[in-house]
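Here's the structure we're looking at; comments come further down.
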Amino acid sequence: MSGKKSVVKYRKRYLFVSKKINFGNNSHRTMTNNFIQQSSLLQHLTIDAITLVQNYLAQLGYRAQIHFELEGCYRFENNGDQKLDFSLINQCLGELNIEGEIVCEYWRNQWEYVSLFNGQTPLKEAHNLQRVITKLPKLFQQLYGKKSAIETLIQPVVWSGDQGKLIAGSSQIFTNDTRAVHIPNAVQLNVSVLDSSGNNLIAEEGFGEYLQHCFLRTSLECCLLYLPEEAAFERLALKTRYGLAQELCSPVDISGGHQGSIALYKKLGKHNQKMGEEPLLYDSHNNVLSVQQNWKKTARIEHRLGAASIQYNPFINILYGLINVVDAVHAYEKDPHLLTDNFIPIALPQSLFTDKENVANLGAFDLFKDSTWFSDSMNFIEEKTTSVKVKNVIDCPIKLGDKIQQEILAKYQVSIVN
18 MSGKKSVVKY RKRYLFVSKK INFGNNSHRT MTNNFIQQSS LLQHLTIDAI
68 TLVQNYLAQL GYRAQIHFEL EGCYRFENNG DQKLDFSLIN QCLGELNIEG
118 EIVCEYWRNQ WEYVSLFNGQ TPLKEAHNLQ RVITKLPKLF QQLYGKKSAI
168 ETLIQPVVWS GDQGKLIAGS SQIFTNDTRA VHIPNAVQLN VSVLDSSGNN
218 LIAEEGFGEY LQHCFLRTSL ECCLLYLPEE AAFERLALKT RYGLAQELCS
268 PVDISGGHQG SIALYKKLGK HNQKMGEEPL LYDSHNNVLS VQQNWKKTAR
318 IEHRLGAASI QYNPFINILY GLINVVDAVH AYEKDPHLLT DNFIPIALPQ
368 SLFTDKENVA NLGAFDLFKD STWFSDSMNF IEEKTTSVKV KNVIDCPIKL
418 GDKIQQEILA KYQVSIVN
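Numbers in my numbering are just positions in the sequence shown, counted from 1, shifted up by 17.
Next comes the structure, spelled out in structure tokens:
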């Protein structure tokens with residue numbers, strides 16, 4: 018069967034993967050081949066789309082800066098409380114041409130991949146994170162296996178990843194209670210926009226607020242993109258379900274401001290700290306004596322809702338971020354004095370799929386399936402762009418935005434082989 022025919026057949030007949038299905042050997046082999054083919058097709062389409070949007074923004078005189086942060090954990094064979102030196106693994110990342118580094122995070126054995134601001138394009142940033150997700154477990158095992166670091170976890174929740182209970186009113190001091198703490202791991206998208214002179218528009222009055230509102234407005238219908246597996250929704254319920262509200266600071270809904278799940282950082286950060294502080298003067302012991310605040314340089318939108326997962330697709334989420342940037346730029350081109358309405362926080366879905374007994378509350382899959390913003394916006398950019406010709410992987414009159422949305426949905430469907 019040719020590749021083209023198998024994809025067409027794949028789309029015609031499907032079954033939702035909301036329950037376990039037993040397949041015969043031949044069916045399982047065909048299903049696997051279809052998944053590989055679908056993943057490759059989606060990759061090509063999304064890379065083409067990112068390139069197209071980057072060029073479209075450049076034609077308008079703007080450049081988006083998008084950077085990732087990814088949290089994960091590692092486990093020791095003897096459950097010891099060891100600390101790893103990440104200098105070796107960061108050296109490897111540099112040799113792999115990945116602009117980022119691994120640093121320690123808050124919880125025991127938790128790490129964070131932090132993107133470095135080296136001027137990389139959003140497309141290069143997507144390639145960076147994709148390589149981190151695929152290569153990091155092998156690098157941890159190769160470099161730290163002798164220290165009994167036996168498992169690297171890139172998943173929404175690390176169950177019983179640590180233990181302890183904070184003293185009431187404290188964010189650092191623990192009691193003697195050794196109850197289990199289930200660690201939520203996030204993928205964070207940091208977004209800023211530069212004009213033709215290199216000025217950060219997030220610092221402009223109105224633009225940052227408007228771009229934040231764009232993300233707030235589209236995050237519910239597109240939550241399938243950044244919450245790609247069922248465990249991602251369990252992560253959202255950790256605080257209330259396990260009484261960990263004091264210990265965990267991960268977001269649970271779509272909210273704005275500078276402390277919400279989609280935060281606008283200008284002069285103040287999440288913890289009300291001053292943004293963009295740079296040392297000016299040191300003493301003889303290398304202690305900072307004075308600082309200056311260059312908050313305009315670091316002003317950004319932080320989309321903090323994403324769940325760490327090997328199923329997280331950096332290319333799709335970069336594209337999602339870029340399309341929101343285009344929406345804000347279009348509004349800014351019409352009127353630089355942008356105004357936004359107040360946003361009331363809204364709940365995220367409780368599951369990947371809609372519960373048949375509660376169809377009024379759609380799951381992430383159906384929310385995205387019923388949405389037209391993502392596909393229509395991408396189709397519009399495709400129509401407006403003339404300098405970049407997108408290669409059609411499948412000869413089909415369907416527009417690029419529609420194709421990508423179809424392929425994203427196909428990831429959660431299983432073909433039925435006659």
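Don't be surprised by glycine CBs; every beta carbon is placed ideally from N, CA and C.
DSSP beta-bridge partners of residue i
i: Cys266; result: In the DSSP output, where bridge partners are listed per residue, Cys266 has none listed.
i: Glu319; result: Asn207, Ala280
i: Glu400; result: BP columns for Glu400 are empty, so no partner.
i: Leu170; result: Cys90
i: Ala324; result: Ala203
i: Ile340; result: Answer by DSSP bridge pairing: none, since Ile340 is not bridged.
i: Ile437; result: With the chain represented from 18 up to 435, any question about residue 437 goes unanswered, as that position is not in the structure.
Identity of the residue in the options nearest residue i by Cα
i: His199; options: Glu264, Gln423, Glu112, Phe397; result: Glu264
i: Asn341; options: Gln60, Cys231, Pro139, Asn216; result: Cys231
i: Trp128; options: Asp352, Asp387, Ile171; result: Ile171
i: Leu211; options: Leu69, Pro139, Lys256, Glu251; result: Pro139
i: Gln430; options: Asp383, Ser392, Asp393; result: Asp383
i: Phe103; options: Ile335, Ser57, Val131; result: Val131
i: Asp358; options: Phe93, His61, Leu228, Val175; result: Leu228
i: Ala197; options: Leu69, Leu218, Glu246, Gly260; result: Gly260
i: Pro366; options: Cys240, Gln205, Ile335; result: Cys240
i: Lys351; options: Leu69, Leu77, Ala66; result: Leu77
i: Gln108; options: Ile421, Ala381, Leu160, Lys428; result: Leu160
i: Asp372; options: Glu247, Leu58, Ala75, Trp124; result: Glu247
i: Glu251; options: Asn311, Phe360, Gly323; result: Gly323
i: Leu369; options: Leu356, Phe391, Ala220, Phe385; result: Phe385
i: Lys100; options: Ser394, Trp124, Lys428; result: Trp124
i: Thr317; options: Ile333, Ala325, Gly338; result: According to the sequence provided, residue 317 is Arg. The question's Thr does not apply to it. That would be Gly338, whose Cα lies nearest to the Cα of Arg317.
i: Leu233; options: Ile219, Arg321, Asn311; result: Arg321
i: Leu253; options: Gln205, Pro173, Leu146; result: Pro173
Euclidean distance between Cα positions of residue i and residue j
i: His275; j: Glu222; result: 15 Å
i: Asn126; j: Asn396; result: 44 Å
i: Ile64; j: Asp419; result: 15 Å
i: Leu417; j: His347; result: 20 Å
i: Phe224; j: Gln290; result: 22 Å
i: Arg148; j: Leu244; result: 19 Å
i: Arg258; j: Asn216; result: 44 Å
i: Glu319; j: Tyr282; result: 8 Å
i: Ile106; j: Ile119; result: 7 Å
i: Ile411; j: Ile327; result: With a pLDDT of only 41 at Ile411, under the threshold of 50, the placement of this residue in the model should not be trusted, and no figure is reported.
i: Met398; j: Pro353; result: Inspection of the sequence shows that residue 398 is occupied by Ile rather than by Met. In a straight line, the C-alpha of Ile398 is about 21 Å away from that of Pro353.
i: Ser213; j: Tyr79; result: 6 Å
i: Gly41; j: Ser272; result: Note that Gly41 scores 38 on pLDDT, short of 50, meaning its location in the model is unreliable; the coordinates nonetheless yield the value given after this. Their Cα atoms are separated by approximately 46 Å.
i: Leu113; j: Asn304; result: 34 Å
i: Pro331; j: Thr169; result: 19 Å
i: Asn72; j: Glu374; result: 46 Å
i: Glu88; j: Ser278; result: 16 Å
i: Glu238; j: Val269; result: 16 Å
i: Ser209; j: Glu116; result: 17 Å
i: His84; j: Ala280; result: 15 Å
i: Leu255; j: Pro201; result: 8 Å
i: Glu424; j: Gly380; result: 18 Å
i: Leu153; j: Ile335; result: 20 Å
i: Thr389; j: Leu426; result: 13 Å
i: Ser56; j: Val70; result: 21 Å
i: Asp179; j: Leu74; result: 44 Å
i: Ala262; j: Cys121; result: 22 Å
i: Glu226; j: Gly111; result: 35 Å
Buried or exposed (CB count within 10 angstroms, at least 16 for buried), residue i
i: Phe157; result: buried
i: Ala364; result: exposed
i: Asn378; result: exposed
i: Thr151; result: exposed
i: Glu400; result: exposed
i: Gln82; result: buried
i: Ser177; result: exposed
i: Asn43; result: The pLDDT assigned to Asn43 is 44, lower than 50, so where the model puts this residue is not dependable; a value taken from the coordinates is nonetheless given after this. So Asn43 counts as exposed.
i: Thr315; result: buried
i: Phe134; result: exposed
i: Gly136; result: exposed
i: Cys90; result: buried
i: Ser267; result: buried
i: Gly162; result: exposed
i: Val376; result: exposed
i: Glu86; result: buried
i: Gln422; result: buried
Along the chain, which unbroken stretches of the alpha helix (DSSP H) at least 4 residues long are found entirely within the segment 351 to 397?
381 to 387
Whole runs of the beta strand (DSSP E) within the segment 175 to 262, excluding any shorter than 3 residues:
197 to 201, 203 to 211
Enumerate, from N- to C-terminal direction, the unbroken beta strand (DSSP E) stretches of 3 or more residues contained entirely within the segment 67 to 143.
80 to 93, 117 to 121, 127 to 132
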